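A.B. asks:
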Amino acid sequence: MRPKDLRQGSGTKTFLDAMHGGKVHLARFILDALDGRIINSKTENSRTPLMYAVCLQDQGTRAKFTRLLLEKGADVNCQDEDGRTALSHACEMGHLDVVKLLVQFNADPDVSDAWGNSSLMYAAFSGHSQVLEFLQTLRRRLSHT
């Protein structure tokens with residue numbers, strides 16, 4: 028998932044290019060230089076840098092960028108134009124590492140998209156049993172508190 032048609036000069040494109048190149052130090056520098064103004068910026072389909080980070084293929088890079096964005100204050104429950112969150116994208120991809128990280132930063136697994144699908148449903152539809160099991164266990168724990 029690569030962003031298209033970003034406004035030039037916003038810093039978002041530069042940040043996303045650094046992220047897709049795996050350049051964590053450069054990405055951190057860009058965030059700091061812009062005082063975090065782009066942390067929740069949106070691309071043409073209303074996706075945020077966090078949504079792109081959770082979809083990165085390399086597990087180490089994905090974890091570093093997801094953590095960086097969350098620690099810098101990214102809105103963990105922000106929705107794109109389809110009502111999808113970073114958590115629903117991570118569940119669809121089967122990226123259990125960032126699913127757990129997002130939940131630690133208070134991602135809401137019950138947020139539904141424009142079609143009524145939750146993160147749990149994306150994990151199930153995509154056949155990611157470990158993610159599904161994690162979310163079901165989380166739901167059981169939350170219902171007992």
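Yeah, the sequence shown ends on 172 if you go by our numbering, and it's all consecutive. Beta carbons: idealized from backbone N, C-alpha and C, even for Gly. Given the structure is predicted, the values throughout are model-derived calculations rather than measurements.
Figure out for me which residue from 137, 92, 123 has the closest Cα to the Cα of residue 52.
C.D. replies: Per the Cα distances, 92.
A.B. asks: Assuming residue 57 and residue 100 are in contact, meaning their beta carbons sit under 8 Å apart, how far apart are those beta carbons, in whole angstroms?
C.D. replies: Not quite, the Cβ-Cβ distance comes to about 15 Å (not below 8 Å), so this is no contact.
A.B. asks: Helix, strand or coil for residue 100, going by three-state DSSP, please let me know.
C.D. replies: Of the three classes helix, strand and coil, the one that applies to residue 100 here is coil, per DSSP.
A.B. asks: Tell me the start and end of each unbroken beta strand (DSSP E) in the segment 56 to 137 that is at least 3 residues and wholly inside, in chain order.
C.D. replies: Correct list: empty.
A.B. asks: Which term fits residue 152, buried or exposed, when burial requires 16 or more other beta carbons within 10 angstroms of its beta carbon?
C.D. replies: The residue is exposed, with fewer than 16 neighbouring Cβ atoms inside 10 Å.
A.B. asks: Could you give the distance in angstroms between the alpha-carbon of residue 43 and the alpha-carbon of residue 133?
C.D. replies: In a straight line, the C-alpha of residue 43 is about 24 Å away from that of residue 133.
A.B. asks: Between the Cα of residue 160 and the Cα atoms of 142, 122, 141, which residue gives the shortest distance?
C.D. replies: Checking every option, the nearest Cα to that of residue 160 belongs to 122.
A.B. asks: If contacts are defined as beta-carbon pairs under 8 Å, then residue 81 and residue 125 qualify, I think. What distance do you get, rounded to the angstrom?
C.D. replies: About 5 Å; that satisfies the 8 Å criterion.
A.B. asks: Hey, how far is the Cα of residue 167 from the Cα of residue 40?
C.D. replies: Each residue's Cα considered, the two are about 40 Å apart.
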